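Notes follow the structure.
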Amino acid sequence: QVQLVESGGGLVQPGGSLRLSCAASGVIVSINGMGWYRQAPGKQRELVAAIGPGVVTNYGDSVKGRFTISRDNAKNTVYLQMNSLKPEDTAVYYCNAGGIWRPGNYWGQGTQVTVSS
Numbered sequence: 036q037v038q039l040v041e042s043g044g045g046l047v048q049p050g051g052s053l054r055l056s057c058a059a060s061g062v063i064v065s066i067n068g069m070g071w072y073r074q075a076p077g078k079q080r081e082l083v084a085a086i087g088p089g090v091v092t093n094y095g096d097s098v099k100g101r102f103t104i105s106r107d108n109a110k111n112t113v114y115l116q117m118n119s120l121k122p123e124d125t126a127v128y129y130c131n132a133g134g135i136w137r138p139g140n141y142w143g144q145g146t147q148v149t150v151s152s
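Our numbering puts the sequence shown at residues 36 to 152.
Set out below in structure tokens:
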């Protein structure tokens with residue numbers, strides 16, 4: 036059974052940073068596509084970043100140059116480092132397993148990120 040547990044969300048001021056974590060079980064992050072998606076109120080869920088086996092990554096246009104996805108194979112955990120945060124980054128962020136160029140079948144419960152002064 037696949038379980039994805041996100042953590043690290045919270046309230047941050049514009050220009051600040053946060054790091055989200057996704058602890059995975061039932062799926063090996065080093066050999067599967069893993070991703071972060073987000074959904075703001077009234078908007079569709081969108082890709083933030085995804086990482087595949089090796090060095091393959093895929094970023095949403097709005098976060099390129101500000102966010103970085105990475106993984107720790109020993110901890111079976113995927114991270115999202117978010118820098119230079121903007122109010123428009125406010126959303127619930129979801130961890131996803133099983134895809135790089137499109138979402139896979141498995142989702143975490145989500146973690147709220149709020150960027151506000």
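Virtual Cβ for every residue (Gly too), placed ideally from N, Cα, C.
All of these numbers come straight from a predicted model, not from anything done at the bench.
Output the distance between the C-alpha atoms of residue i and residue j, rounded to the nearest integer angstrom.
i	j	result
Ser105	Val62	16 Å
Trp153	Lys121	It is not possible to answer for residue 153, since the shown part of the chain is limited to 36 through 152.
Val150	Asn67	30 Å
Asn111	Gln38	11 Å
Asn140	Gln36	12 Å
Pro49	Val40	26 Å
If we call anything under 8 Å between Cβ atoms a contact, is residue i one with residue j?
i	j	result
Phe102	Leu82	no
Trp71	Leu46	no
Val90	Ile135	no
Which residue from the options puts its Cα closest to that of residue i?
i	options	result
Tyr94	Arg73, Lys78 and Thr112	Arg73
Arg137	Leu39, Ala85 and Leu53	Ala85
Gly147	Ile135, Ala126 and Cys130	For the sequence presented, residue 147 should be read as Gln rather than Gly. Out of Ile135, Ala126 and Cys130, Ala126 has the C-alpha closest to the C-alpha of Gln147.
Asp96	Val113, Val90, Asp124 and Pro88	Asp124
Leu53	Asp107, Tyr128, Ala132 and Ala59	Tyr128
Return the chain-ordered ranges of every beta strand (DSSP E) run that is complete within the region 36–121 and spans a minimum of 3 residues. 38–42, 45–47, 53–60, 69–74, 81–86, 92–94, 102–107 and 112–117
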